[in-house]
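A.B. asks: In the working numbering, the protein residues as written are 990 to 1116. From the three backbone atoms N, C-alpha and C, an ideal C-beta is built for every residue, glycine too. Fair warning: this is a prediction, and the values are worked out from it, not measured in the lab. One structure, as structure tokens, below. Some questions next.
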């Protein structure tokens, strides 16, 4: 069997900023050895190339998810309060759990009473 199965998806750079990525199946079909392979070899090689394309797609999806997670570490100063609270909760889960536990211990009646006192003060500070 030829060693075409050991090559990975090839990238043909058009210029330094944006390389053009060719799928493994397309690279396989452009290869000269593809023309010389028997039908059974072609089936196996195409299956391997499709699996490589799936792996590359999964790798790109993981990188994109990681990039989106790292974006959640920062929040703009002019973001809405809820978005800032969500990011704070993600960055500081222990502090969030402590505040939630304190809120459960205090009870809803006292929370409403203290909230009614604190909200006017907070709205004055925002201005």
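(1) So, are the CB atoms of residue 1013 and residue 1038 less than 8 angstroms apart?
(2) Between the alpha carbons of residue 1033 and residue 1048, how many angstroms are there, rounded?
(3) Distance, Cα to Cα, residue 1050 vs residue 1036?
(4) State the start and end residues of the unbroken alpha helix (DSSP H) segment that holds residue 1144.
(5) Ordered along the chain, which non-local residues of its own chain (more than five positions away) have a Cβ less than 8 angstroms from that of residue 1122?
C.D. replies: Looking at the atomic coordinates:
(1) On the chain shown, position 24 is the one that residue 1013 refers to. On the chain shown, position 49 is the one that residue 1038 refers to. Yes, these two residues count as a Cβ contact at 8 angstroms.
(2) Counting from 1 along the chain shown, the entry for residue 1033 is found at position 44. Counting from 1 along the chain shown, the entry for residue 1048 is found at position 59. Taking the straight line joining both Cα atoms gives about 23 angstroms.
(3) Translated into positions along the chain shown, residue 1050 becomes position 61. Translated into positions along the chain shown, residue 1036 becomes position 47. Going from the Cα of residue 1050 to the Cα of residue 1036 covers about 21 angstroms.
(4) The chain is shown from 990 up to 1116; residue 1144 falls before or after that span and cannot be answered.
(5) The first residue shown for the chain is 990 and the last is 1116, placing residue 1122 beyond what the model contains.
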